[in-house]
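Trainee:
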Amino acid sequence: MANQWLSWLPFLPADVPADFASPREVAAFELAQALPTLSPNLHVSLAEDDSLGEGFHAVRKGDDVTISGGKTGLLYGAYWLLMALASGAALPEDHSSAPQYALRMINCWDNADGNVERGYSGRSLFFQGGKLAYDPARMRQLGRMMASVGLNVLCINNVNVHDPAQLLIEDDLPDLAKLAAIFRPFGVRLMVSIDYSQPMRHGIPTADPLDERVQAWWKHQAEVVYAAIPDLAGFLVKADSEHRPGPFTYGRNHAEGANMLARALKPFGGMLVWRCFVYNCQQDWRDEKTDRPKAAYEHYVYLDGQFDDNVILQVKNGPFDFQVREPISPTLLAMPKTNLALEWQLAQEYTGQQIDIFAMPVMWQELFADMPRNSIMAMAAVSNLGNDACMTGHPFAALNFFAYGALAWDPDACQPDDIIHRWIRLTYRFAPDDENALADVLLGSRHAYEQYTAPLGICWMVTPNQHYGPSPDGYEYQAWGTYHKADRNAIGIDRTADGTGYVLQYPEALRRRFESTQTCPDELLLFFHRLPYTFKMRDGRTLIQRIYDDHFEGYEWVERAASILKALPLPDFDRALVDERIERQLHNASEWRDIINTFFHRLSGIEDVHERKIYR
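In numbering that gives the first Met the number 0, the protein residues as written are 0 to 615.
(1) Relative to the alpha-carbon of N151, which residue among T350, G54 and H528 has its alpha-carbon at the smallest distance?
(2) Can you check the segment 70 to 155 for any alpha helix (DSSP H) of at least 4 residues that lies completely inside it and give the ranges in chain order?
(3) Return the Cβ separation of C107 and L235 in integer angstroms, given the expectation that the two are a contact with Cβ distance under 8 angstroms.
(4) To the nearest whole angstrom, what separates the beta carbons of V381 and A346, a pair I think is in contact under 8 angstroms?
(5) Looking at the strands, I want to know which residues DSSP matches up with L312.
(6) Measuring straight from C-alpha to C-alpha, what distance separates D640 and S374?
(7) Keeping to the same chain, check which residues put their C-beta closer than 6 angstroms to that of F267; ignore five residues upstream and five downstream.
(8) How many Å lie between R545 and I419 at the Cα?
(9) Would a C-beta distance cut-off of 8 angstroms place Q353 and S120 closer than the cut-off?
(10) Out of curiosity, what's the CA-to-CA distance linking A215 and M199?
(11) Across which residues does DSSP place D63 in a beta bridge pair?
(12) Give the secondary structure of Q344 by DSSP, where H, G and I count as helix, E and B as strand, and everything else as coil.
(13) Just the Cα atoms here: how many angstroms apart are A227 and D171?
(14) Does the distance from the C-beta atom of L260 to that of W217 stay below 8 angstroms?
(15) Counting only runs that start and end within the segment 364 to 422, where is the alpha helix (DSSP H) found for 4 or more residues in a row?
(16) How many whole angstroms separate the CB atoms of L271 and A257, which I take to be in contact at a CB cut-off of 8 angstroms?
(17) Is the number of C-beta pairs between the segment 542 to 562 and the segment 329 to 349 that are closer than 8 angstroms three or more?
(18) Could you tell me the distance, in whole angstroms, from the CA atom of V608 to the CA atom of F319?
(19) Buried or exposed: N2, going by 16 or more other Cβ atoms within 10 Å of its Cβ?
(20) Is A388 near P360, with beta carbons less than 8 angstroms apart?
(21) Considering only the beta carbon of each residue, do G351 and Y427 sit closer than 8 angstroms?
(22) Given that a residue counts as buried once 16 or more other Cβ atoms are within 10 Å of its Cβ, and exposed if not, what is V223?
(23) What's the gap between the Cα of A430 and the Cα of R424?
(24) Do the segment 54 to 63 and the segment 74 to 94 meet, that is, are 3 or more Cβ pairs less than 8 angstroms apart?
(25) In terms of residues, what are the limits of the alpha helix (DSSP H) holding R545?
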């Protein structure tokens with residue numbers, strides 16, 4: 000099973016030969032093995048046209064199709080054609096497509112010991128026992144999956160760089176070069192996360208970015224790295240965050256820190272990706288002035304225009320940390336002179352950990368409604384991959400990987416409903432009624448999960464550290480700055496101009512929408528406002544009644560979903576995993592329902608108007 004699972008590519012049973020060196024070879028191979036089954040009368044020609052780059056142009060005349068494109072464009076065009084045939088889509092006579100974003104990245108949080116930070120699909124695909132150790136056939140599987148949805152950069156190690164991962168760009172460089180060669184035919188370039196203080200491992204007493212010794216060390220090391228891997232995408236850095244080293248130690252700002260590294264990479268065409276997840280993680284809960292969501296904006300926006308042109312700031316989609324519901328990060332809207340990457344999390348750290356069903360395209364499409372397309376130039380997603388037989392732990396979690404690729408390629412061309420139906424057709428080839436049944440479950444899963452977990456934008460009612468299951472006050476008095484401050488009268492944080500002032504970081508239209516309780520979306524109401532339990536929602540219900548209703552309804556949705564899933568004709572391997580995980584989801588949803596409802600009932604003393612069971 001380990002070398003056969005390709006989720007949405009089941010029509011590609013044969014492994015890509017290990018000696019292939021170019022995307023064109025892979026494209027020709029995939030077409031040759033799949034067309035006799037998918038469309039035996041179709042004849043496909045590949046015409047290289049470097050002017051198209053990663054884009055492709057397909058022209059059909061009867062049973063003859065010509066795909067033109069650059070080196071990777073040919074491969075993307077081949078996969079587009081095969082997936083169109085496999086999903087039953089009609090082939091147009093003329094079709095062109097090109098990615099909207101230049102870098103479409105997967106960030107793996109794999110450690111050299113084989114553990115995966117926030118990993119829910121087994122251990123690392125890449126590491127074991129402190130070294131690179133992988134199944135080459137599995138790497139080619141991953142390359143195919145990435146290429147089929149247009150992803151072109153893979154960062155293989157954790158942004159929290161732990162010993163001995165620093166050796167990837169030193170002693171382990173020959174092994175890293177071998178891995179890069181495996182992915183190269185799929186148009187996938189490797190990236191590595193680096194330790195900002197790495198020069199200090201070599202006798203230099205500082206990591207000050209303005210120190211000439213530090214600059215010289217990184218310049219030399221970049222020369223060494225690119226001599227081994229000329230097409231390395233670059234370095235990824237987490238600095239000055241959650242105890243990681245960075246320029247702050249030396250009185251420097253993020254632009255000075257990032258530009259130093261970027262200049263070492265620039266002669267080789269390398270990019271420096273700098274994460275903006277920077278905040279005070281030692282906040283005193285008694286401090287009512289510091290508001291964690293404000294941190295990224297305050298650290299970076301004043302530096303707009305000061306970053307070199309091969310620096311990309313990687314900004315999380317929301318101001319917190321991949322919560323079930325957050326507003327768009329204002330940093331994404333406020334740096335027009337800087338290269339920005341939007342960062343999502345495929346790994347379901349706060350959204351069910353690939354146990355509970357959570358289809359992400361609905362959430363992502365909502366985000367794009369508030370974000371101009373030209374505000375970013377790259378996309379990044381934290382990986383949901385591991386070495387389980389099903390590489391995404393839950394078979395349905397593969398949908399999120401698939402959807403991310405589609406949206407990273409062109410967010411305007413993909414609606415969640417279309418993505419979900421296409422993935423189901425490719426993966427399962429169900430009859431229409433079964434396809435629609437599963438699609439309804441997947442489309443409803445985000446709303447249901449939100450209903451039975453933290454209410455109306457509150458965030459952080461999860462069990463500390465592991466982040467699965469309810470713990471209403473788990474983070475309330477900790478140093479992470481993640482508070483809800485619920486008492487007997489009210490709940491929520493006032494982030495209006497009269498409160499923490501966070502709302503002032505937004506452009507005028509969004510600021511006005513969020514600042515008024517009359518226009519703020521219900522789902523974000525308690526993120527921006529502190530309100531009494533008796534507050535009247537726009538639908539006439541009180542706030543506390545909305546909380547009760549949501550949690551009961553969320554659990555009831557899981558019950559219905561479980562019944563639907565049990566009736567679907569899933570293959571045996573998927574059947575076993577889906578059945579096991581929906582039972583765990585039922586338990587999780589019941590825990591959330593009962594604990595959250597009881598928590599707020601004990602605080603408010605207000606009864607459920609429908610007299611449903613709430614534990615005292």
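C-beta: ideal position from N, C-alpha, C; glycine also.
Mentor: Considering the structure as presented:
(1) G54
(2) 70 to 85 and 135 to 147
(3) Between L235 and C107 the Cβ distance is about 10 angstroms, and since that is not below 8 angstroms, they are no contact.
(4) 5 angstroms
(5) W273 and L339
(6) Outside the modelled stretch of the chain, which goes from 0 to 615, sits residue 640, for which no answer is possible.
(7) Y225
(8) 29 angstroms
(9) yes
(10) 13 angstroms
(11) H42 and K60
(12) strand
(13) 11 angstroms
(14) yes
(15) 397 to 408
(16) 6 angstroms
(17) no
(18) 34 angstroms
(19) Because N2 sits at a pLDDT of 38, beneath the cut-off of 50, its placement in the model cannot be relied upon, and the point is left open.
(20) no
(21) no
(22) exposed
(23) 9 angstroms
(24) yes
(25) L542 to A566
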